[in-house]
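Take any residue in the sequence shown, count from 1 to its spot, add 6: that is its number in the working numbering. Report on the following structure.
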Amino acid sequence: MSADGEDIVALPRGSAVIAHSAQSDVGRVRSVNEDSFLAEAPVFLVADGMGGHARGDAASRTVVDTFRRHIEAGRPTSPEQVLDAIHSSNEAVRALSDEGEEGTAVAGTTLTGVALVDAGHGDGLHWMVFNIGDSRVYSWDGRTLDQLSVDHSAVQELVDAGLIRPEEAERHPDRNVITRAIGADEVVDPDVWLIPALGRQVFLICSDGLSREVDDERLAHILAGATSHAAGLAGELVEAALDHGGRDNVTVVVVESDLGQREDDDETTRDRPGSSGSPAPEDTTPRGSGGDRGDLPA
């Protein structure tokens with residue numbers, strides 16, 4: 007499943023073009039694709055239904071459907087509307103869980119993405135990055151790939167505590183255990199970042215089927231190139247994950263926006279034509295302790 011195109015977004019003054027490339031693949035091992043994506047301005051997201059749990063594919067689709075109902079397409083939304091969509095998604099996914107003889111079969115999914123929002127109070131347009139689980143959002147400035155989201159996973163907590171090194175996390179036996187998910191608890195606790203929407207900005211949104219198969223150096227190399235792949239950048243990134251084994255479903259959304267050049271924009275610093283830096287996050291809701299959320303395999 008792929009979707010590439012451009013959206014015209016109505017702004018208070020004029021409009022902006024936001025281009026995207028999106029693709030999802032079942033991979034080379036799984037029989038069912040439990041990933042879903044939404045690539046319709048102002049929202050771009052990936053949801054990775056949790057393997058081994060009931061109706062993971064339905065859970066991820068439910069998130070996409072809920073966002074479509076809550077957020078008007080083609081114009082900036084608000085942080086409050088995004089948060090409302092997240093909490094409503096949690097309620098909708100929890101409703102999918104089934105009671106059986108062996109207890110409750112929990113439906114769940116990760117959720118991560120970006121939304122173009124009007125922050126209000128004269129603060130202007132921002133990209134709102136949101137995350138629950140271990141799918142990821144990266145920014146790309148033409149030279150550097152930065153992970154904006156923080157994994158909600160058991161191994162990330164061990165890395166944060168200094169108990170293991172990042173390279174050890176990739177081989178750790180608990181690498182599939184996530185500590186937050188849509189549908190896991192009655193109340194969901196997303197991480198949120200607000201980034202001013204200025205100039206050209208590029209975001210890479212993906213399920214762990216990409217990030218676990220392809221390292222950051224290779225991701226940056228693909229983003230820096232001029233792809234001729236039929237499905238655009240997302241297709242090339244998915245193909246790279248499949249070439250490295252494709253052991254999980256893999257879903258990728260690449261977003262490139264241009265909301266007006268900054269005065270200090272320097273064309274000479276760009277590796278990929280049309281891509282320039284993303285400002286550092288302005289407001290951050292740090293990852294909380296997580297509480298008693300249950301450990302769910304991704």
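Glycine is no exception: its CB is placed at the ideal position from the N, C-alpha and C atoms.
Buried versus exposed call for residue i [16 or more other C-beta atoms within 10 Å across all chains shown]
{"i": "Ala286", "result": "Its pLDDT being 41, under 50, Ala286 is placed unreliably in this model, and the value from its coordinates should be taken loosely. Ala286 should be labelled exposed."}
{"i": "Asp254", "result": "buried"}
{"i": "Ile24", "result": "buried"}
{"i": "Ala65", "result": "buried"}
{"i": "Thr115", "result": "buried"}
{"i": "Asp129", "result": "exposed"}
{"i": "Ser282", "result": "Unreliable placement is indicated for Ser282, whose pLDDT of 40 sits below 50; the coordinate value is still reported in the next sentence. With 16 or more other Cβ atoms within 10 Å, it is buried."}
{"i": "Gln267", "result": "Its pLDDT being 44, under 50, Gln267 is placed unreliably in this model, and the coordinates cannot settle the point."}
{"i": "Val244", "result": "buried"}
{"i": "Thr150", "result": "exposed"}
{"i": "Pro279", "result": "Summary for Pro279: the model assigns pLDDT 37, below 50, so the residue's position carries little reliability, and this model does not support an answer."}
{"i": "Met7", "result": "exposed"}
{"i": "Gln29", "result": "buried"}
Simplified DSSP state of residue i, which is helix, strand or coil
{"i": "Gly238", "result": "helix"}
{"i": "Pro196", "result": "coil"}
{"i": "Ser281", "result": "Annotation note: pLDDT 40 at Ser281 (below 50); position unreliable, coordinate value reported separately. Coil at Ser281, not helix or strand."}
{"i": "Ala79", "result": "coil"}
{"i": "His250", "result": "coil"}
{"i": "Leu243", "result": "helix"}
{"i": "Glu40", "result": "coil"}
{"i": "Arg186", "result": "coil"}
{"i": "Ser103", "result": "coil"}
{"i": "Val35", "result": "coil"}
{"i": "Ala45", "result": "strand"}
{"i": "Val156", "result": "coil"}
{"i": "Val258", "result": "strand"}
Boundaries (first-last residue) of the alpha helix (DSSP H) holding residue i
{"i": "Thr72", "result": "Gly62 to His76"}
{"i": "Asp214", "result": "Asp214 to Ser217"}
{"i": "Asp90", "result": "Pro85 to Arg100"}
{"i": "Leu229", "result": "Asp222 to Ala230"}
Residue i - partner residues in DSSP beta bridges
{"i": "Gly201", "result": "Looking at the sequence shown, residue 201 is not Gly but Ile. Ile201 is bridged to Trp133."}
{"i": "Ser263", "result": "Ile24 and Gln207"}
Boundaries of the beta strand (DSSP E) in which residue i is found, first to last residue
{"i": "Asp191", "result": "Segment: none, Asp191 is in no beta strand (DSSP E) and carries neither H nor E."}
{"i": "Thr118", "result": "Leu117 to Asp124"}
{"i": "Arg387", "result": "Nothing in the structure corresponds to residue 387, since the chain is present only between 7 and 304."}
{"i": "Gly30", "result": "Note on identity: in this sequence residue 30 is Ser, with Gly being the wrong assignment. Unbroken beta strand (DSSP E) run through Ser30: Ser21 to Asp31."}
{"i": "Ala9", "result": "Ser8 to Ala16"}
{"i": "Ala152", "result": "A small correction: the amino acid at residue 152 is Asp; Ala does not occupy that position in the sequence shown. Looking at the DSSP string, the run of the beta strand (DSSP E) that includes Asp152 is Leu151 to Gln153."}
{"i": "Asp54", "result": "Val49 to Asp54"}
Cβ contact check for the segment 218 to 228 and the segment 243 to 253: 3 or more pairs under 8 Å: yes
Meets three-Cβ-pair contact criterion under 8 Å: the segment 143 to 156 and the segment 75 to 91: no
Touching by the beta-carbon criterion (3+ pairs, under 8 Å), the segment 67 to 74 and the segment 88 to 97: yes
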